[in-house]
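Chains as they are written, first to last, in my numbering: chain A, 63 to 206; chain B, 63 to 206.
Every residue, glycine too, gets a C-beta built ideally from N, C-alpha and C.
Note that this is a predicted model, so its numbers are computed, not measured.
Take a look at the structure below.
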DNA sequence: TCGTTAACTTGACTCACTCCAGAAAAGACG
DNA sequence: CGTCTTTTCTGGAGTGAGTCAAGTTAACGA
């Protein structure tokens, strides 16, 4: 787990000013992958005290824009953030409880950009979401 | 393009009651693939007159649940609906104008369910969204 | 034709997220 | 260190897709 110092370096590396809310948000997302905005606000407030939700939204947008965070929003879910960026991984989402887990790219490390007919689009990223049932919900369904 | 008669058969096949709003919604989605809810409401009202937005939401949910429509919601966009179901195709989304186009599954006709490590999840569907720039936006960017 | 039940109407409501204007803090420079 | 400029944060109001709930209407099987 990175320290506050690492976060500071990450911010400076992205030429972003170093502020307490930013450190706290980065830290919160590292600790709680796939957390939604509300949970992040909660965690940040636990560490810092009062922080406006607006600040968190701004920070999340700034960090997402800088590439330090990645925003994911599966259908039927609010926006979630994660800290794993740049490694082209994907997600499995549980249909019944909404749990999210990471999955490495099935077609290797390179972006899996192999659309059969791209309609003239210039494709730069492929996003994959696997839908299914998580282990907990599977056993729960069986035992019922 | 299917006729009202075809839509009626589709509804009965799904053991859903045949009502004017449902026919109109099915028809609207067939005519305007990837349309958002608001546009669908507009088209339906053009054909039927007054229809409550609630009715359209209900119909869309019923038809989606019955498998007659498919709901897609790319990040940063509102929910959109399409009538191509059951053929496991995916979508390209333009980052700058939001245009959506269909793309047949790159890994063949079978659902491309090949996650490298599924964390114990039982996966039943893989949803792929390709992000890029549409031809119009590409040429617009070049000429500027 | 009638009764049951699903579907539709109306209207209020929720909630994630955004916009705005002013206050505060960070970083640069002398 | 002190001041200035720029960026960020605060608080509150606002937006809009989508939902909830109660009552009415209409489809369909008997």
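Query                                                                                                                                     : Result
Exposed or buried, which one is residue 69 of chain A when buried takes at least 16 other CB atoms within 10 Å?                           : buried
Which residues mark the beginning and the end of the beta strand (DSSP E) in which residue 132 of chain A is found?                       : 132-134
Along the chain, where does the beta strand (DSSP E) containing residue 211 of chain B start, and where does it finish?                   : No information on residue 211 of chain B is available, as it lies outside the stretch 63 to 206 that chain B covers here.
Taking the alpha-carbon positions, what's the residue 201 of chain A to residue 188 of chain B distance?                                  : 22 Å
Quick check on residue 115 of chain B: buried or exposed, where buried means 16 or more other Cβ atoms within 10 Å of its Cβ?             : exposed
Run down chain B in chain order and give the residues with a C-beta less than 9 Å from the C-beta of residue 159 of chain A.              : What residue 159 of chain A touches in chain B: nothing, since even the nearest Cβ is about 11 Å away.
Which residue wins for smallest C-alpha separation from residue 79 of chain A, given the options A/94, A/92 and A/125?                    : A/125
Following the continuous beta strand (DSSP E) through residue 163 of chain A, name the residue where it begins and the one where it ends. : 162-165
Against chain A, which members of the segment 191-206 of chain B pass a CB distance test of less than 7 Å?                                : 191, 192, 193, 194, 195, 196, 197 and 200
Which chain A residues sit within Cβ distance under 7 Å of residue 188 of chain B?                                                        : 190 and 192
Do three or more CB pairs link the segment 103-121 of chain B to the segment 101-109 of chain A at distances below 8 Å?                   : no
Any heavy atom of the ligand NAP within a distance shorter than 6 Å of the CB on residue 159 of chain A?                                  : Looking at this structure, you won't find the ligand NAP or any other ligand, since it has none at all.
Does residue 163 of chain B get closer than 7 Å to chain A when you measure Cβ to Cβ?                                                     : yes
Using a Cβ cut-off of 7 Å (strictly closer), state whether residue 182 of chain A contacts chain B.                                       : yes
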